[in-house]
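Novice: Sharing a structure below in structure tokens format, with a few things to ask.
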Amino acid sequence: MQFQTVIVTVILILVVMAALLVIASGVWVAAALLRAIARPRTDPQEDAANQR
Amino acid sequence: MNPVLSATVVFVYLAALVFVALRARVARDFDEFSVARRTLPLALIFGSIAATYVGPAFSIGFVGRGFHSGFLFLFVGSAYAVQNILVGLLVAPRLRELKGCFTLGDAFGQKYGRKAQIIAGLISLGICTGFSAVMIKAGGVVLTDTFGLPTWLSVSLIAVITASYTTFGGLRASVITDAFHFALFAILLPVTLLCAMFFHFKGGPAAFSAEAPVATLNGLRSTPAIEIVGLTVAFLLGETLIPPYANLALASRTSRVSKCGFITAGIFSILWFAVMTATGIMARCIVPSDTPEDHVLLELVRSLMPIGGYSLLLVALISIVLSSLDSLLNAGAVVFTEDIVKPLTALSDRTALLVGRRATIVIATVAAVCVPAVPSIIGGLLICYTVWASAILPAAIIGLWLKNPRPLAGVLSMGVGTLVAIIAIAIVSTPDFETKTRVTIIPALGAALAAYLIGHRFGKIKAGA
Chain Y
1 MQFQTVIVTV ILILVVMAAL LVIASGVWVA AALLRAIARP RTDPQEDAAN QR
Chain G
1001 MNPVLSATVV FVYLAALVFV ALRARVARDF DEFSVARRTL PLALIFGSIA ATYVGPAFSI
1061 GFVGRGFHSG FLFLFVGSAY AVQNILVGLL VAPRLRELKG CFTLGDAFGQ KYGRKAQIIA
1121 GLISLGICTG FSAVMIKAGG VVLTDTFGLP TWLSVSLIAV ITASYTTFGG LRASVITDAF
1181 HFALFAILLP VTLLCAMFFH FKGGPAAFSA EAPVATLNGL RSTPAIEIVG LTVAFLLGET
1241 LIPPYANLAL ASRTSRVSKC GFITAGIFSI LWFAVMTATG IMARCIVPSD TPEDHVLLEL
1301 VRSLMPIGGY SLLLVALISI VLSSLDSLLN AGAVVFTEDI VKPLTALSDR TALLVGRRAT
1361 IVIATVAAVC VPAVPSIIGG LLICYTVWAS AILPAAIIGL WLKNPRPLAG VLSMGVGTLV
1421 AIIAIAIVST PDFETKTRVT IIPALGAALA AYLIGHRFGK IKAGA
């Protein structure tokens, strides 16, 4: 019985950690999204034309 | 449910989506439309792969499975993580290193010749349209259940909204909006689990600890071993390198980004399945035991969250559908232009972009029209998995690793794989359809592999190789 309690407690901790890691992934991707939409788009051809 | 509050939440979500899609900007050439100029960074590649595979089946479906079978589906689902990690280690970097590739069909063209490219293109187009029909159906169900809209209107809304930004923005718009959707549901759904676990009077860690072993043993007893094997094979191979993933592998900034994107997405899938199945287990203490599988998540959130929270979850569910659908529409359009039209006729870049845009609209329309033919969300996905895995995978994976693959092997494998998969699906189209479809992938895949070996034994090396 004690062994089962230990296993279930470990699973519980792993599940909570998984939930926190999923939330962290969401925050990481949201940060990348903000960077991507904040950056002005560069066009290699236009840049080359401007430099000429 | 308060309709004004729900409508406000959905309106704010749509306004944010439009803002993000506009910031992604219009694609100006075919290179940008199809592979976003191969400039995508790791976080966006990861977010887009994860947002594409987390569809209704991996969210609503997994919560329902956790409700009935505990952690059984976490173990079955781990095959999916293995698949992503193996693709990251063995296939995606090789695909990215091929020069001038826009699609998986291009890789077939380089390895097996033009005929094989066109056949791969036709199969990919069919699969993208099939998957899109399933996603539109799922989105339609959410809208109809929530707002009481007629089915035709819900289906049309989902198809029109997604097709509009995908048509103009191409892959970049799809990836950027995927990141937006991913951030939404990756934050909202785990919060639901944590709320149930720590802030609900019927929930709590003790209730979870009591229900987890009971549900898992129940799942193990009630699921036949052959079904577990069939499902594991379907998870391992069914979505491997489907066109949206192949396009993301090709659109990565470098082959290292391509490799790491798939590996991190594979690791994420394990975390995601753990959260979804645990949410299902937690729901056993909160929602009635006779709740239908597909309604467990909605019922759980209805019991847990205030009205605003429930509306937010609906937004997350719509996000899940749209993020899968936009990738499929873009991939289908690129496949049509690159693998079917271009090998038959020379296209200027401007014309290719135009063909891609029009193809996006046509695929969305055909998929929406096909929605009534989709048997169920899981059933539709299983049909697509079976056809894709048997038709494309043997030729794609072996071809990327062999130095001189034989064109006959590629063509035979695709032809036999498709044929056997369709026949096997037609044979099992009985009332017990979903259960039987889970095992049809095994004979179809075996036949495709055998056909490849025969073609390799008797075929000639491609001219000029």
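Protein chains in written order, with the working numbering: chain Y, 1 to 52; chain G, 1001 to 1465.
Glycine included, every Cβ here is placed at the ideal spot set by N, Cα and C.
From a predicted model like this one, the values you see are computed outputs, not experimental measurements.
#1: What's the gap between the Cα of threonine 1008(G) and the Cα of isoleucine 1427(G)?
#2: Sort Asn1247(G), Ile1397(G), Ala1024(G), Ile1049(G) by Cα distance to arginine 39(Y) and report the nearest one.
#3: Check whether the Cβ atoms of cysteine 1128(G) and alanine 1331(G) lie closer than 7 Å to each other.
#4: DSSP three-state label for serine 1348(G), please.
#5: Quick one: which residues of the segment 1158-1184 of chain G get their C-beta closer than 7 Å to a C-beta of chain C? List them in chain order.
#6: Please list the terminal residues of the continuous alpha helix (DSSP H) segment that includes valine 1341(G).
#7: According to DSSP, simplified to helix, strand and coil, what is serine 1132(G)?
#8: For the segment 21-34 of chain Y, which residues have a beta carbon sitting closer than 8 Å to at least one beta carbon of chain G?
#9: Distance, Cα to Cα, serine 1269(G) vs phenylalanine 1182(G)?
#10: At a Cβ threshold of 7 Å, is leucine 1193(G) touching chain Y?
#11: Please state whether DSSP places serine 1376(G) in a helix, a strand or coil.
#12: Glycine 1380(G) to valine 1387(G), Cα distance in whole Å?
#13: Output the residue ranges of the alpha helix (DSSP H) runs that lie fully inside the segment 1200-1242 of chain G and measure 4 residues or longer, sorted by chain position.
#14: Note down the Cα distance separating valine 1257(G) from proline 1041(G), rounded to an integer number of angstroms.
#15: Between the beta-carbon of valine 947(G) and the beta-carbon of alanine 1163(G), is there less than 7 Å?
#16: Can you name the residues of chain Y whose CB is closer than 8 Å to the CB of proline 1213(G)?
#17: Using 7 Å as the limit for Cβ to Cβ distance, is proline 1343(G) near chain Y?
#18: Buried or exposed, going by whether 16 or more other CB atoms sit within 10 Å of the CB of phenylalanine 1108(G)?
#19: Nearest to alanine 1421(G) by CA position, among Tyr1385(G), Ser1252(G), Leu1412(G), is which residue?
#20: Exposed or buried, what is lysine 1342(G) when buried is set at 16 or more other beta-carbons lying within 10 Å of its beta-carbon?
#21: Assuming isoleucine 7(Y) is part of the alpha helix (DSSP H), what are its boundary residues?
#22: Secondary structure at leucine 1040(G), three-state DSSP: helix, strand or coil?
#23: Taking a Cβ distance cut-off of 7 Å, strictly less, list which residues of the segment 1254-1276 of chain G are near chain Y, in chain order.
#24: Strictly below 7 Å CB to CB, what residues from chain Y border alanine 1043(G)?
#25: Measure from the alpha carbon of leucine 1353(G) to the alpha carbon of each residue in Val1296(G), Val1334(G), Cys1370(G), then state which is nearest.
#26: Does the distance from the CB of glutamine 1117(G) to the CB of glycine 1130(G) come in under 7 Å?
#27: Report yes or no: do three or more beta-carbon pairs, one from the segment 1228-1240 of chain G and one from the segment 1015-1035 of chain G, lie closer than 8 Å?
#28: What is the DSSP secondary structure of serine 1006(G), counted as helix, strand or coil?
#29: List, in order along the chain, the chain Y residues whose C-beta lies closer than 8 Å to that of phenylalanine 1030(G)?
Specialist: With the structure as the only source:
#1: The alpha-carbon of threonine 1008(G) is positioned some 48 Å away from that of isoleucine 1427(G).
#2: Closest option to arginine 39(Y), Cα to Cα, is Ala1024(G).
#3: Yes.
#4: Here serine 1348(G) sits in coil by DSSP.
#5: Here chain C cannot be found, since the structure's protein chains are Y and G.
#6: Looking at the DSSP string, valine 1341(G) is not in any alpha helix (DSSP H), and its letter there is neither H nor E.
#7: It is helical.
#8: The residues in question are Leu21, Val22, Ile23, Ser25, Gly26, Val27, Trp28, Val29, Ala30, Ala31, Ala32, Leu33.
#9: Using only the alpha carbons, I get a separation of about 13 Å.
#10: So, interface residue.
#11: In the three-state reduction of the DSSP assignment, serine 1376(G) falls in the coil class.
#12: Distance between the alpha carbons of glycine 1380(G) and valine 1387(G) is about 11 Å.
#13: Complete alpha helix (DSSP H) runs here, min 4: 1204-1222, 1225-1237.
#14: If you take the alpha carbons of valine 1257(G) and proline 1041(G), they lie about 7 Å apart.
#15: Not covered by the structure: residue 947(G). The range shown for chain G is 1001 to 1465.
#16: Near proline 1213(G) (Cβ distances below 8 Å), the residues of chain Y are Gln4, Val8.
#17: Among the CB atoms of chain Y, none fall inside 7 Å of the CB of proline 1343(G).
#18: Phenylalanine 1108(G) should be labelled buried.
#19: For the residues Tyr1385(G), Ser1252(G), Leu1412(G), the minimum Cα distance to alanine 1421(G) belongs to Tyr1385(G).
#20: When all chains shown are included, lysine 1342(G) counts as buried.
#21: Taken as a continuous stretch (DSSP letters only), the alpha helix (DSSP H) holding isoleucine 7(Y) covers 2-38.
#22: Strand at leucine 1040(G).
#23: Cβ contacts with chain Y come from Phe1268, Leu1271, Trp1272, Ala1274, Val1275.
#24: Within chain Y, the C-beta atoms nearer than 7 Å to that of alanine 1043(G) come from Trp28, Val29, Ala32, in chain order.
#25: Closest by alpha carbon: Val1334(G).
#26: No; because the gap between Cβ atoms is not below 7 Å, this pair is not in contact.
#27: Too few Cβ pairs lie closer than 8 Å, so no.
#28: In the structure shown, serine 1006(G) sits in a helix (DSSP, three-state: H, G or I).
#29: Going along chain Y, no residue has its Cβ under 8 Å from phenylalanine 1030(G), so there is no contact; the nearest lies around 14 Å.
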